[in-house]
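Chemist: Protein chains in written order, with the numbering used here: chain A, 84 to 471; chain B, 286 to 574. All C-beta atoms, glycine included, are put in the ideal place defined by N, C-alpha and C.
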Amino acid sequence: MRRITLLLLVLTIGCVLPVASRAGEPIKIGLTAAVSGGSAASGEAIKKGLQIAMDEINAKGLLGGRKLELVIRDDEGNPAKGVTIARELVEREKAVAIFGGLHTTVALAQVPVWHELRTPYMGVWAAGTEITRNGKSPNFVFRVSANDDYVDKFLVRYATDTLKKSKPGLLLENTAWGQSNEAGLNKYLGPKNIKPVGTEKFNWNDPDMSPQLLRLKNAGADHVILVGNAPEAAQVVKSRAKIGWEIPMVSHWGVSGGRFAELTGDLSDGVVFFQTYSFFGKQNERGQYVLKALKDKYGVKGPEEIIAPVGVANAYDGLHLVAVAIEQAGATDGVKLRDALENLKAEHKGLIKTYKRPFTPDQHDALTDEDYVLVVWKGGQIVPVAMK
Amino acid sequence: MVVQLLVTGIALGSMYGLVALGYHITWVTSRTMNFSQGHAVMAGAVVAFAFYVGLGWPLWAAVLATLVILAVLGIGLERVAVRPFFRVASPAWLLSTIACGIIAENVAMLTFGKDARAFPSALTQKPILVGGAGFYAQELLIPVVGLLLMGAVQFFYHRTAYGKQLKAVAYNPEAAGLMGIHIPRAVMCAYGLSALLAGIAGVLLAPVLNVAATMGTIIGLKAFAVAIIGGLNSAPGIMVAGLGYGLVESFVAGYLSTGAREIIGFALVILVLVVRPWGLLGSRPARRV
């Protein structure tokens with residue numbers, strides 16, 4: 084009896100499904116990101132980028148007039164929650180592709196789910212190296228964002244080749260993120276025969292960083308490479324001023340958000356870091372469009388008011404790439420969509436760059452160190468630096 | 286290096302001491318305390334930020350309004366989270382005050398926002414450099430105010446009649462009640478004072494630590510460690526322990542490693558609990574047989 088019920092159930096679902104996916108139905112895109120808690124600004128930025136791209140895509144429609152629809156779930160930066168949400172977005176909401184947020188820990192926890200459910204994932208923030216280099220084949224995880232490995236290469240290249248410095252002091256957040264960058268930085272310093280003169284850690288909400296900085300100073304560091312988020316990086320910069328140490332500071336992109344400028348005032352002047360995109364300075368056609376859309380839709384008056392700009396830019400390009408892939412695949416099936424993403428034929432003129440086959444079986448990061456923009460804090464503004 | 290670590294340690298330590306005095310005030314009256322004292326400090330900083338930066342009030346008015354609001358919050362906390370349990374001698378106030386702290390943190394996240402914000406102060410614009418060591422003027426203000434408040438608390442409890450009454454409540458509530466002391470009012474008053482102190486601490490720390498909904502947790506925890514080390518019933522003990530704790534943190538971080546800092550700091554707490562459970566300068570409780 085139970086078998087018959089089951090059989091009937093399967094048959095019913097089998098009959099209903101094709102109807103559900105008929106033309107004209109919206110194509111659902113999922114977002115799992117922190118939209119509450121300390122990193123909420125990142126989730127909001129991603130949402131804006133996705134929404135602006137979605138309006139553009141929906142104006143034309145996909146696969147003969149179907150529209151995209153965004154389904155957002157708050158993962159709170161919690162990996163366990165992230166896994167539940169991943170399943171919910173695919174199994175209940177029937178999202179065909181999922182976008183992901185700031186937390187590397189969440190993204191890593193979700194990797195097996197995407198492979199099990201055969202659903203492509205597009206990371207637009209978290210930079211953990213193993214998210215895309217996850218050892219899976221076929222790999223369902225893609226990214227339009229930074230990758231720690233390239234970041235470390237980029238930071239080391241700037242410090243040693245452009246600044247001509249050879250005694251780095253590392254100052255890292257005492258988390259898995261800090262640790263993975265410690266390994267990455269050493270990986271690229273090694274071949275240049277450079278050993279950090281010191282490696283110091285700090286915890287979240289640490290009020291004073293002068294002991295760490297003093298240790299690096301006494302060890303003879305001629306520049307500091309910083310990996311941390313805005314509140315702690317602000318305390319680093321304040322402590323640096325306190326011990327009166329004029330030292331070039333090169334930073335991971337944590338200092339780009341969270342009101343770093345407000346927290347530090349003029350003290351942040353000269354802190355060099357990178358972004359995947361800068362809305363300051365001359366903009367390409369897409370840049371002008373996105374700035375205008377941000378103004379019309381969200382009342383953002385100018386680049387200085389865009390909180391967490393990399394989230395907006397990455398999400399904007401990411402969704403356009405997914406849309407191109409949907410058109411190329413001619414379907415919303417996860418496997419076909421994944422294959423299309425890995426073999427994108429059309430050249431896509433994006434915001435950050437022009438994408439020519441951005442993903443291959445060996446490369447699931449659309450952006451590399453060649454695409455990063457070097458920027459510096461100056462008078463509370465992010466200004467691009469010309470890289471020699 | 287030594288001078289800088291010394292300066293850093295004193296600045297940090299006086300923050301801990303200042304916050305820890307809040308535990309002392311309610312403890313000597315009621316043998317209870319607000320376990321979320323750190324969150325009360327956060328509330329002080331956030332409320333002051335709202336008046337000073339948000340509404341653009343002059344600093345003195347913003348501080349005054351903050352202190353009034355905090356005192357009222359403290360009294361409210363006593364009513365809601367302490368009195369029901371104090372009356373039946375249940376230690377559940379421990380959990381209920383923590384719960385209130387978590388609620389406060391989330392309310393702050395919803396209303397104030399999730400980003401850390403800068404609390405503008407003329408005293409943190411530029412550091413003062415003296416002989417290779419530097420500090421912000423605000424960091425100098427904290428120990429000064431901390432010592433003054435310690436003196437005031439000490440004077441209140443030992444020299445004024447009402448202070449003595451408050452202390453009597455803790456020794457023997459029944460006898461104190463029979464002598465005509467209104468016990469609920471006494472406890473309420475202590476909580477109001479304690480929250481007021483947290484408000485002062487919040488305003489003083491805000492320019493140094495920045496204002497954030499999550500700023501209270503760590504500082505509250507470390508202040509608690511300091512209160513235990515110094516002796517919950519001794520205000521001077523708490524200030525001394527605060528300074529000592531700050532110096533240990535700064536020197537351990539400077540000469541050993543940052544990782545060892547918390548390990549050694551909290552190991553000290555355990556050591557003190559084993560050797561002198563009543564704290565460095567606390568008075569040994571009389572044993573009842």
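1) Measure the C-alpha to C-alpha separation of Val393 (chain A) and Gly413 (chain A) and round it to an integer number of angstroms.
2) Compare the Cα-Cα distances from Pro441 (chain A) to each of A:Gly364, A:Leu424, A:Ile326 and A:His198 and report the closest residue.
3) How would you call Ile388 (chain B), buried or exposed, if buried means at least 16 neighbouring beta carbons within 10 angstroms?
4) What residues of chain A sit near Gly544 (chain B), judged by a beta carbon separation below 8 Å?
5) Check the DSSP bridge columns for Asp157 (chain A) and list the partner residues they point to.
6) Could you check what DSSP says for Met286 (chain B) in three-state terms: helix, strand or coil?
7) For Arg170 (chain A) and Val196 (chain A), I'd like the C-alpha separation in whole angstroms.
8) Is there a Cβ from chain A that is less than 8 Å from the Cβ of Phe414 (chain B)?
9) Can you name the start and end residues of the alpha helix (DSSP H) that Tyr337 (chain B) belongs to?
10) If you follow the alpha helix (DSSP H) that Gln193 (chain A) is in, where does it begin and where does it stop?
11) Does Met286 (chain B) have its Cβ less than 8 Å from a Cβ in chain A?
12) Within 10 Å of its beta-carbon, does Tyr233 (chain A) have 16 or more other beta-carbons around it, so buried, or fewer, so exposed?
13) Cutting at 7 Å between CB atoms, please list the residues of its own chain near Ala242 (chain A), excluding the five before and the five after it.
14) Of all the CB atoms in chain A, is at least one closer than 8 Å to the CB of Phe509 (chain B)?
15) Straight-line CA distance for Phe237 (chain A) to Val310 (chain A)?
16) Taking Cβ-Cβ distances shorter than 9 Å, what residues in chain B pair up with Arg440 (chain A)?
17) With a Cβ-Cβ cutoff of 8 Å, do Gln411 (chain A) and Leu434 (chain A) count as a contact?
18) Using a C-beta to C-beta distance shorter than 9 Å, which residues of chain A count as neighbours of Leu489 (chain B)?
19) Using DSSP bridges, identify the partner residues of Glu152 (chain A).
20) With three or more beta-carbon pairs closer than 8 Å as the criterion, would you say the stretch 347-367 of chain B touches the stretch 466-486 of chain B?
21) Could one say the Cβ of Leu528 (chain B) lies closer than 8 Å to chain A's Cβ atoms, at least one of them?
22) So, Tyr308 (chain B) versus Ala512 (chain B), is the Cβ gap smaller than 8 Å?
23) With a cut-off of 8 Å, do at least 3 Cβ pairs link the stretch 485-505 of chain B to the stretch 403-416 of chain B?
24) CB-CB under 6 Å to Ala128 (chain A), same chain, minus the five flanking residues each way: which ones, in chain order?
25) Please list the segments of the alpha helix (DSSP H) lying wholly inside the stretch 517-546 of chain B, counting only runs of 4 or more residues, in order along the chain.
26) Measure the alpha-carbon distance for Gly527 (chain B) versus Gly386 (chain B) and round it to whole angstroms.
27) Taking only the alpha-carbon atoms, compute the straight-line gap between Arg569 (chain B) and Leu297 (chain B) and give it to the nearest angstrom.
28) Under 8 Å between the Cβ atoms of Ala508 (chain B) and Val304 (chain B)?
29) What do you get for Tyr239 (chain B), buried or exposed, if any count of 16 or more other CB atoms within 10 angstroms of its CB means buried?
30) Please list the residues of the stretch 289-301 of chain A that have a C-beta atom closer than 7 Å to any C-beta atom in chain B, keeping them in chain order.
31) At which residue ranges does the stretch 255-339 of chain A contain complete beta strand (DSSP E) runs of 3 or more residues, listed in the order of the chain?
32) On the three-state DSSP scale, how would you describe Pro428 (chain B)?
33) What residue from B:Leu349, B:Ser321, B:Ala333 and B:Lys411 has the CA that sits closest to Gly501 (chain B)'s CA?
Modeler: Put simply:
1) Working through the first sequence from its first residue, we reach residue 393 (chain A) at position 310. Working through the first sequence from its first residue, we reach residue 413 (chain A) at position 330. So the alpha carbons of these two residues sit roughly 30 Å apart.
2) For this step, residue 441 (chain A) is matched to residue 358 along the first sequence. That would be A:Leu424, whose Cα lies nearest to the Cα of Pro441 (chain A).
3) Working through the second sequence from its first residue, we reach residue 388 (chain B) at position 103. Label assigned to Ile388 (chain B): exposed.
4) For the purposes of this step, residue 544 (chain B) is taken as residue 259 along the second sequence, with counting starting at 1. Near Gly544 (chain B) (Cβ distances below 8 Å), the residues of chain A are Asn257 and Lys284.
5) Here residue 157 (chain A) corresponds to residue number 74 of the first sequence, with the count starting at 1. Here Asp157 (chain A) is bridged, per DSSP, to A:Ala116.
6) Here residue 286 (chain B) refers to the residue found at position 1 when the second sequence is read from its first residue. In the three-state reduction of the DSSP assignment, Met286 (chain B) falls in the coil class, being assigned neither a helical nor a strand state.
7) Start at 1 with the first residue of the first sequence, and residue 170 (chain A) comes out as number 87. Start at 1 with the first residue of the first sequence, and residue 196 (chain A) comes out as number 113. So the two alpha carbons sit approximately 7 Å from each other.
8) Position 129 of the second sequence holds residue 414 (chain B). At residue 414 (chain B) the sequence reads Leu, which differs from the Phe that was named. Taking Cβ atoms only, chain A reaches closer than 8 Å to Leu414 (chain B), which makes this a yes.
9) Locating residue 337 (chain B) in the second sequence gives position 52, counting from the first residue. For Tyr337 (chain B), there is no enclosing alpha helix (DSSP H), as DSSP marks it with neither H nor E.
10) Position 110 of the first sequence, counted from the first residue, corresponds to residue 193 (chain A). Element bounds for Gln193 (chain A): Thr187 to Leu200.
11) Reading the second sequence from its first residue, position 1 is the one you call residue 286 (chain B). True, the Cβ-Cβ gap to chain A drops below 8 Å.
12) Start at 1 with the first residue of the first sequence, and residue 233 (chain A) comes out as number 150. Classification of Tyr233 (chain A): buried, given that the 10 Å Cβ count is 16 or more.
13) Sequence index remark: in the first sequence, residue 242 (chain A) carries index 159 (1-based). Shown here for Ala242 (chain A): same chain residues with a beta carbon closer than 7 Å to its own, the five before and five after excluded, namely Lys248, Pro251, His306, Ile308 and Val333 in chain order.
14) Position 224 of the second sequence, counted from the start, is the residue given in the question as residue 509 (chain B). Not one chain A Cβ lies under 8 Å of Phe509 (chain B).
15) Here residue 237 (chain A) corresponds to residue number 154 of the first sequence, with the count starting at 1. Here residue 310 (chain A) corresponds to residue number 227 of the first sequence, with the count starting at 1. Approximately 13 Å, taken between the alpha carbons.
16) In the first sequence, counting from the first residue as 1, residue 440 (chain A) sits at position 357. The premise fails here: Arg440 (chain A) is roughly 38 Å from chain B at the closest Cβ pair, so nothing lies under 9 Å.
17) The residue labelled residue 411 (chain A) in the question sits at position 328 within the first sequence. The residue labelled residue 434 (chain A) in the question sits at position 351 within the first sequence. No, the Cβ-Cβ distance between Gln411 (chain A) and Leu434 (chain A) is not below 8 Å.
18) Counting from 1 along the second sequence, the entry for residue 489 (chain B) is found at position 204. By Cβ distance, chain A contributes nothing, its closest Cβ being about 13 Å from Leu489 (chain B), past 9 Å.
19) Start at 1 with the first residue of the first sequence, and residue 152 (chain A) comes out as number 69. Among the bridge pairs identified by DSSP, Glu152 (chain A) is matched with A:Lys111.
20) Remark: three or more beta-carbon pairs, one from each stretch, lie closer than 8 Å, so the stretch 347-367 of chain B and the stretch 466-486 of chain B are flagged as touching.
21) As a working mapping, residue 528 (chain B) is identified with position 243 in the second sequence. No, no contact with chain A.
22) Along the second sequence, one-based indexing puts residue 308 (chain B) at 23. Along the second sequence, one-based indexing puts residue 512 (chain B) at 227. Yes, these two residues count as a Cβ contact at 8 Å.
23) As far as the Cβ criterion goes, the stretch 485-505 of chain B touches the stretch 403-416 of chain B, which means the pair count is three or higher.
24) Locating residue 128 (chain A) in the first sequence gives position 45, where the first residue counts as 1. When the five nearest sequence neighbours on each side are left out, the beta carbons in the same chain lying within less than 6 Å of the beta carbon of Ala128 (chain A) are those of Ala391, Gly394 and Val395, in order along the chain.
25) Listed in chain order, they are 520-536.
26) Taking the second sequence and counting its residues from 1, the one referred to as residue 527 (chain B) is at position 242. Taking the second sequence and counting its residues from 1, the one referred to as residue 386 (chain B) is at position 101. About 22 Å.
27) What you label residue 569 (chain B) is simply residue 284 of the second sequence in a count that begins at 1. What you label residue 297 (chain B) is simply residue 12 of the second sequence in a count that begins at 1. Arg569 (chain B) and Leu297 (chain B): Cα-Cα distance of roughly 28 Å.
28) Residue mapping note: residue 508 (chain B) aligns to position 223 of the second sequence, counting from 1. Residue mapping note: residue 304 (chain B) aligns to position 19 of the second sequence, counting from 1. Taking the C-beta atoms as reference points, Val304 (chain B) is found nearer than 8 Å to Ala508 (chain B).
29) Coverage of chain B is limited to positions 286 through 574, which leaves residue 239 (chain B) absent and any answer about it impossible.
30) Residues of the stretch 289-301 of chain A with a C-beta less than 7 Å from any C-beta of chain B: Pro290, Asp291, Ser293, Pro294, Gln295, Leu297, Arg298 and Asn301, listed in chain order.
31) Segments of the beta strand (DSSP E) lying fully in the stretch 255-339 of chain A: 281-285, 306-310 and 332-334.
32) Against the second sequence, residue 428 (chain B) aligns to sequence position 143. Secondary structure at Pro428 (chain B): helix, using DSSP grouped into helix, strand and coil.
33) Here residue 501 (chain B) refers to the residue found at position 216 of the second sequence. The shortest C-alpha separation from Gly501 (chain B) is found at B:Ser321.
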